[in-house]
Amino acid sequence: MSSDSDYGDFDYNSSQNSLSIDYQIDQFEFRHCIKSKKTKQKNRKASCSVSRKTLKSQPTLLRVNCINSKITLKAKRKPFRYDHYVQEKQPSFECDEEFQETSTLTHTNLESKSSKRLTPEHRQSFSSFRRYFYQINQQEIKSSLEQCSQIKITNIRLASVDEHVQKDFMKQLNNTSYFPNLVYHGTALKNITSILHYGLLIPNQAHPSNSEAPIIKVAHGKAYGNGIYCSQTAVYSLSYTHDTNTILICAAMPKRNKSGMVKIHSGNILVVTHVSQIIPLFLLDVAYLSHSNINHPCFDEQKILRTNEKTEKKKKKISADISRKYLRKILNCMNDENRKHEQYQERSYLTYFD
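Throughout the sequence shown, residue numbering follows the working numbering, covering 86 to 439 in sequence.
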């Protein structure tokens with residue numbers, strides 16, 4: 086039994102009925118019980134937002150729609166001012182795949198200039214020299230048309246140069262201590278095959294070591310003397326390609342003065358005075374993005390070889406047909422002469438007996 090002192094806080098003189106107070110207490114406990122049941126149901130709710138029927142029919146949705154299996158995304162870093170100018174990843178070209186080079190701007194101009202030194206390993210073969218030349222100059226080649234927003238580099242390919250041209254160049258390379266210059270040469274589409282086979286030639290001069298090489302004529306004048314004209318800028322060389330979107334990337338060893346400087350003319354033009362001092366290494370394919378410039382076909386050696394084979398077959402066929410025609414005419418003439426002779430003999434025989 087509780088003492089009277091334990092109930093001293095309650096007001097027994099309250100006007101409210103005790104039954105109503107009990108009823109309110111019961112209502113409060115009932116509401117509290119319902120709330121607790123709802124919270125338990127929420128906690129026991131499945132982590133998947135899809136119904137059980139669909140999950141049974143399509144079990145693959147279990148991982149996709151399950152909340153627990155979803156990977157929480159990492160918090161994104163706030164974009165600062167320097168994040169707005171992040172450089173885009175450069176496309177990969179055929180030379181990158183051939184030499185397994187990455188297209189990242191890691192080398193500065195100072196580093197590339199100081200590292201331009203030929204070791205005995207790079208002088209051993211033409212392939213090792215070309216690989217090293219591309220490693221040193223790849224960023225300069227890829228950024229050669231950055232100032233021209235309407236021109237895009239589509240590919241950088243290996244040039245299939247004849248072995249005779251390679252040997253002449255490597256002999257000249259082993260006799261110099263300077264690293265060859267990166268230059269570009271633009272020409273017509275029909276001339277590229279001959280250049281890859283015989284090398285770049287000096288106009289109106291015979292090749293010093295290859296008698297089969299043709300003697301070419303001056304195409305664009307010789308304001309700076311007779312020689313092979315090339316440029317240090319790709320844009321300038323593109324102005325000389327009228328029917329193709331391909332220019333030649335070359336390595337040149339021009340003459341130097343006593344201080345080791347190379348004479349450069351207007352338009353970044355270099356003039357090479359010997360055929361073995363320059364060699365095409367790569368083919369640079371471009372595409373014009375503006376409608377004002379016409380996109381011409383790029384140089385395709387296999388396609389040109391196929392067309393040349395077809396033309397040769399046609400020529401042989403035509404010559405065979407012509408020879409047959411002439412042979413028929415000759416035979417007809419011979420037959421006519423024989424017939425005339427026989428007719429004359431018959432006439433003379435008849436007149437004799439008459």
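Even for Gly, the Cβ is constructed at its ideal location relative to N, Cα and C. Small disclaimer: the values here were computed from a predicted structure and weren't measured.
Candidates Asn380, His292, Gln109 and Leu333: which alpha carbon is nearest leucine 281's? Position 196 of the sequence shown, counted from the start, is the residue given in the question as residue 281. Leucine 281 has its Cα closest to that of Leu333, out of Asn380, His292, Gln109 and Leu333.
Taking the beta strand (DSSP E) that cysteine 180 falls in, what are its first and last residues? Position 95 of the sequence shown, counted from the start, is the residue given in the question as residue 180. Cysteine 180 -> not in any beta strand (DSSP E); alpha helix (DSSP H) instead, spanning 179 to 184.
Return the first residue and the last residue of the alpha helix (DSSP H) that isoleucine 221 is part of. Taking the first residue of the sequence shown as position 1, residue 221 is located at position 136. Here the alpha helix (DSSP H) through isoleucine 221 covers 211 to 227.
For the pair the segment 300 to 309 and the segment 241 to 248, tell me if three or more CB-CB distances fall below 8 Å. no
Which residue marks the beginning of the beta strand (DSSP E) containing isoleucine 280, and which one marks its end? By one-based count along the sequence shown, residue 280 stands at place 195. Run containing isoleucine 280: none in the beta strand (DSSP E); it sits in the alpha helix (DSSP H), 274 to 283.
Per DSSP, the bridge partner or partners of histidine 341: Indexing the sequence shown from 1 puts residue 341 at position 256. The amino acid at residue 341 is misidentified as histidine; the sequence shows arginine. Looking at the DSSP assignment, arginine 341 forms a beta bridge with Val347.
Please report the distance separating the alpha-carbon of asparagine 311 from that of valine 360. One-based indexing of the sequence shown puts residue 311 at position 226. One-based indexing of the sequence shown puts residue 360 at position 275. So the alpha carbons of these two residues sit roughly 12 Å apart.
If we ignore side chains and look at the alpha-carbon of each, how far apart do glutamine 223 and arginine 409 end up? By 1-based counting over the sequence shown, the position of residue 223 is 138. By 1-based counting over the sequence shown, the position of residue 409 is 324. When rounded, the distance between both Cα atoms is 57 Å.
Look up cysteine 418 in the DSSP assignment and say whether it is helix, strand or coil. Numbered from its first residue, the sequence shown carries residue 418 at position 333. Correct three-state label for cysteine 418: helix.
Helix, strand or coil for arginine 202? Go by DSSP, reduced to three states. Stepping through the sequence shown from its first residue, residue 202 is reached at position 117. Three-state result, arginine 202: coil.
Out of Ser375, Ser377, Gly271 and Ile354, which one is the CA nearest neighbour of histidine 327? On the sequence shown, residue 327 is found 242 positions in, with the first residue counted as 1. It is Gly271 whose Cα lies nearest to the Cα of histidine 327.
Could you round the C-beta distance between glycine 286 and histidine 292 to whole angstroms and report it? I think they count as a contact, below 8 Å. Here residue 286 refers to the residue found at position 201 of the sequence shown. Here residue 292 refers to the residue found at position 207 of the sequence shown. Correcting the residue type first, residue 286 is leucine in the shown sequence and not glycine. Yes, leucine 286 and histidine 292 are in contact; Cβ-Cβ is about 7 Å, under 8 Å.
CB of methionine 338 within 9 Å of CB of leucine 258, strictly: As a first step, residue 338 must be located in the sequence shown, where it is residue number 253. As a first step, residue 258 must be located in the sequence shown, where it is residue number 173. Yes, Cβ-Cβ distance for methionine 338 and leucine 258 is below 9 Å.
Report the start-end ranges of each beta strand (DSSP E) in the segment 299 to 379 that is 3 residues or longer and not cut off at the edges. 313 to 316, 331 to 337, 354 to 357 and 363 to 373
Could you compute how far the alpha carbon of glutamine 235 sits from the alpha carbon of isoleucine 301? On the sequence shown, residue 235 is found 150 positions in, with the first residue counted as 1. On the sequence shown, residue 301 is found 216 positions in, with the first residue counted as 1. The alpha-carbon atoms of glutamine 235 and isoleucine 301 are separated by roughly 33 Å.
At what residues does the beta strand (DSSP E) containing leucine 243 begin and finish? Taking the sequence shown and counting its residues from 1, one reaches residue 243 at position 158. First-last of the beta strand (DSSP E) with leucine 243: 236 to 243.
CB-CB under 8 Å to glutamine 290, same chain, minus the five flanking residues each way: which ones, in chain order? Counting from 1 along the sequence shown, the entry for residue 290 is found at position 205. Correct list, in chain order: Ile300 and Asn311.
Please state whether DSSP places valine 268 in a helix, a strand or coil. Counting from one through the sequence shown, the residue named residue 268 turns up at place 183. Valine 268: strand per DSSP, three-state reduction.
Count the other CB atoms within 10 Å of the CB of leucine 374; is the residue buried (16 or more) or exposed (fewer)? Walking along the sequence shown from the start, residue 374 turns up at place 289. Exposed, because fewer than 16 other Cβ atoms sit within 10 Å of the Cβ of leucine 374.
Report the rounded CA-to-CA distance for alanine 298 versus arginine 208, giving the unit in angstroms. Stepping through the sequence shown from its first residue, residue 298 is reached at position 213. Stepping through the sequence shown from its first residue, residue 208 is reached at position 123. Distance between the alpha carbons of alanine 298 and arginine 208 is about 26 Å.
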